[in-house]
Amino acid sequence: MGQALEEFTRFVNTASEGKLTIKAYHAGELVKPFEAMDAVQSGAAQMGYGAPTIGLVNQIPSLLLLVCLMDSLHKKQNAWLYYGKGIEQADQYAYNPLGLKFLPMGNTGNQMGGWYAKEINTVNDLKGLKFRMPGLGGEILKTFGVNVILLPGVEVLPALTSGAIDGTEWIGPAADMGAGLHKVVKNYYYPGWHEPATVLDGFFDMKEWEKLDDNLKEIVKRGAAGTNLYILSRFQAINNTALQKLTKEHGVQLKAYSDELLTAVGNRAAEVLPQIASKSSDAKALYNEIVGIRESMLDWSTYAEGTYLEARKSAQMKKI
923 MGQALEEFTR FVNTASEGKL TIKAYHAGEL VKPFEAMDAV QSGAAQMGYG
973 APTIGLVNQI PSLLLLVCLM DSLHKKQNAW LYYGKGIEQA DQYAYNPLGL
1023 KFLPMGNTGN QMGGWYAKEI NTVNDLKGLK FRMPGLGGEI LKTFGVNVIL
1073 LPGVEVLPAL TSGAIDGTEW IGPAADMGAG LHKVVKNYYY PGWHEPATVL
1123 DGFFDMKEWE KLDDNLKEIV KRGAAGTNLY ILSRFQAINN TALQKLTKEH
1173 GVQLKAYSDE LLTAVGNRAA EVLPQIASKS SDAKALYNEI VGIRESMLDW
1223 STYAEGTYLE ARKSAQMKKI
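Quick note on numbering: our numbering labels position 173 of the sequence shown as 1095, and the sequence is numbered without any gaps.
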């Protein structure tokens, strides 16, 4: 993400020919973790960058932007954002009320389920677990008796090492290996039911955004869209190599969540999400928009992707 942010600032600064200059501050340089949004709202910064599940952890409508659990892969998210008025809806129901302008600036793609000090075989194994998981996934786990703990990234590895937490989700193989999580625990679960894909957000002080002329706004939008593609493509390119290193060189054990557990969290999500969405009119509206776009794409994705992925299992391609 840090490299992508540098690329974004370079593009904007160059394309605007100096008419708009953005200086990037990385995590902890300007404000403490979790405070980027506060900094933008207070005027200490004009823009922030992160993930809705972190920066808006107490703002329910923004949490709903992240995913509708169990079925919101990056292609559907981008289709909604760019062609289903998702950016406008996110602005209307989540960011504008906070005095902010939203632009998608990255996507992690498929994530992994998390790292655990012990095996997780059934739903009962979740009870009493001290686990780091922000966002909607964490809200689901709480209903199974999990002690969900929120920690900034720099504190995750020390907490895992000391035993302050029993496990954590992060992103995917490349980012997880970079964070050093494999050095402490070896049980690496999949799939990432809680975040099949995660939108990363650029958020701008609305007053500062409105000061930009149309040309500068377009440059920023193009830069954000390029960053969105850059991050998604990079994760797709490096995750498999990282996964092979984790399993073959570092003794990491890949383990699948049981069908029982996945069914349980899926059913619980269907109960909890509407409850969360009903807490405010904005949350309800955004939730319904996301569910609606999911339903509108379901048939096509089933015919086009689902059947193809099944057929691909029998195809063997080898180097020549």
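Backbone N, C-alpha and C define an ideal beta-carbon position, used for all residues, glycine too.
Task: DSSP three-state assignment for Y1225, whether helix, strand or coil - done: Secondary structure of Y1225 (DSSP, three-state): helix.
- [ ] Let me know the secondary structure DSSP gives F1024 once reduced to three states.
- [x] Reduced to three states, the DSSP call for F1024 is strand.
Open item on the list: Once the 5 residues before and after H934 are set aside, which same chain residues still bring their CB inside 7 Å of it?
Closed with: It is Val, not His, that sits at residue 934 in the sequence shown. Take V934, set aside five residues on each side of it, and the residues of its chain with a beta-carbon closer than 7 Å to its own are L942, I944, I1141, V1142, G1145, in chain order.
- [ ] Could you give the DSSP three-state label for T936: helix, strand or coil?
- [x] Helix, per DSSP.
Open item on the list: Using the three-state DSSP reduction, which class does G977 fall into: helix, strand or coil?
Closed with: The pLDDT assigned to G977 is 48, lower than 50, so where the model puts this residue is not dependable, and the model offers no usable value.
- [ ] Report the residue ranges of all alpha helix (DSSP H) runs contained in full by the region 1129-1199; include only those spanning at least 4 residues, in chain order.
- [x] Those alpha helix (DSSP H) runs which fall completely within the region 1129-1199 and span 4+ residues are 1136-1171, 1181-1199.
TODO: Put F1053 into one of helix, strand or coil per three-state DSSP.
DONE: In this structure, F1053 counts as strand in the three-state DSSP scheme.
- [ ] Report the three-state DSSP secondary structure of M923 (helix, strand or coil).
- [x] Coil at M923, not helix or strand.
Task: First through last residue of the beta strand (DSSP E) which encompasses M969 - done: Per DSSP, the continuous beta strand (DSSP E) segment holding M969 begins and ends at 969-972.
TODO: Report yes if the C-beta of Y1112 is less than 6 Å from at least one heavy atom of the ligand GTP; otherwise report no.
DONE: Questions concerning the ligand GTP fall outside what the structure shown contains, since it holds no ligand whatsoever.
Task: Rounded separation between R1072 and R1054 - CA only - done: The question names Arg, yet the displayed sequence has Leu at residue 1072. If you take the alpha carbons of L1072 and R1054, they lie about 6 Å apart.
Open item on the list: Check for me: the alpha helix (DSSP H) holding N1109 runs from which residue to which?
Closed with: Premise fails: N1109 lies in the beta strand (DSSP E), 1109-1112, not in any alpha helix (DSSP H).
- [ ] Confirm, please, whether the CB-CB distance from V1045 to K1108 is below 7 Å.
- [x] No, the Cβ-Cβ distance between K1108 and V1045 is not below 7 Å.
Task: Cα-Cα separation, Q1258 to P1113 - done: Since the first and last residues shown for the chain are 923 and 1242, residue 1258 lies out of range.
- [ ] Name, in chain order, the residues that DSSP records as bridge partners for W1037.
- [x] Partner(s): T1090, Y1110.
Open item on the list: Buried or exposed, going by whether 16 or more other CB atoms sit within 10 Å of the CB of P1080?
Closed with: Classified as exposed, P1080 has fewer than 16 neighbouring CB atoms from the shown chains inside 10 Å of its CB.
- [ ] Please name the residue, chosen from Y1015, S938, G1031, that lies closest to I1160 on a Cα-to-Cα basis.
- [x] Closest by C-alpha distance to I1160, out of Y1015, S938, G1031, is G1031.
- [ ] Pull up the distance between the alpha-carbon of E1132 and that of M959, whole angstroms please.
- [x] Annotation: E1132 to M959 spans about 18 Å, alpha carbon to alpha carbon.
TODO: Could you have a look at G1059 and say whether DSSP puts it in helix, strand or coil?
DONE: G1059 carries a helical assignment under DSSP once its states are collapsed to helix, strand and coil.
Open item on the list: Restricting to Cα atoms, I'd like to know which of A1178, Y1225, A1205, N1137 is closest to E939.
Closed with: Minimum Cα distance to E939 is reached at N1137.
TODO: Could you spell out where the beta strand (DSSP E) holding V1070 opens and where it closes?
DONE: Start and end: 1069-1071.
- [ ] Would you check if the region 1197-1215 and the region 1181-1189 touch, i.e. whether three or more CB-CB distances between them fall below 8 Å?
- [x] Output reads no: the region 1197-1215 does not touch the region 1181-1189.
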